[in-house]
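Residue numbers (my numbering), protein chains in the order written: chain A, 1 to 114; chain V, 1001 to 1115. Ideal Cβ placement from N, Cα and C applies to all residues, glycine included. Computed from a predicted structure; not experimentally measured.
The following block contains the structure:
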């Protein structure tokens, strides 16, 4: 079946602009995650959505970062007033409900801030 | 705080040789442990996972890993590496209240395979 889909695959933007990154999870997966992969910091958890519960935002690095998940499916990660240190690969993952299920990752969005 | 350590940043092996990638974790409760592999420009692919039960787990592509609670380790092994196994390998622990939600990753080990 279809995997986790992320768009765009690459995004280049100027410092100070806002960007939106999109994630389509695997159908039927109730949990959705965003991670950031950068050279200096490795793979970092950003935010987690589970069903209708309040999201776990504990990994968001600043208030310039936000995410929403509409209708329990598609998610958008928004970065406002981008900075050069935001350059990274942003990975989305989804998971079926239950603790015995692994996370499945998309191919990521490579974000470059000029 | 939970953490994962992968001591080896780079490893080079010859094709057909055996491989062991090390992973140590720090986590207070029973850990949920994972190995993922990432090829250039790709996302993370799950190789195998440990939740409970048999401490030797089999994964895809001929990989296996052994959970050793006494050593807080979850090392990944392959008895005969193929050139296509060249990639970056990440060990992760699932953390969070009531089980696991987010993953905490190690820094990764980049594997090169010589013909």
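{"Check": "If we define contact as Cβ-Cβ less than 9 Å, is residue 1090/V a contact residue for chain A?", "Outcome": "yes"}
{"Check": "Which same chain residues, not among the five before or five after residue 58/A, have their C-beta less than 6 Å away from its C-beta?", "Outcome": "none"}
{"Check": "Using only CA atoms, which one of 13/A, 7/A and 69/A lies nearest to residue 80/A?", "Outcome": "13/A"}
{"Check": "Tell me, to the nearest whole angstrom, how far the beta carbon of residue 1088/V is from that of residue 1077/V; I am working on the premise that it is less than 8 Å.", "Outcome": "Not confirmed; about 17 Å, so no contact."}
{"Check": "How is residue 1070/V classed by DSSP in three states: helix, strand or coil?", "Outcome": "helix"}
{"Check": "Per DSSP, residue 1102/V is paired with what?", "Outcome": "1095/V"}
{"Check": "Could one say the Cβ of residue 1065/V lies closer than 9 Å to chain A's Cβ atoms, at least one of them?", "Outcome": "no"}
{"Check": "Since residue 43/A and residue 1105/V should fall inside the 8 Å C-beta cutoff, what is the C-beta to C-beta distance between them, to a whole number of angstroms?", "Outcome": "4 Å"}
{"Check": "If we call anything under 9 Å between Cβ atoms a contact, is residue 1002/V one with residue 1107/V?", "Outcome": "no"}
{"Check": "Consult DSSP for residue 84/A and reduce its assignment to one of helix, strand or coil.", "Outcome": "helix"}
{"Check": "Figure out for me which residue from 1096/V, 1045/V, 1070/V and 1069/V has the closest Cα to the Cα of residue 1059/V.", "Outcome": "1045/V"}
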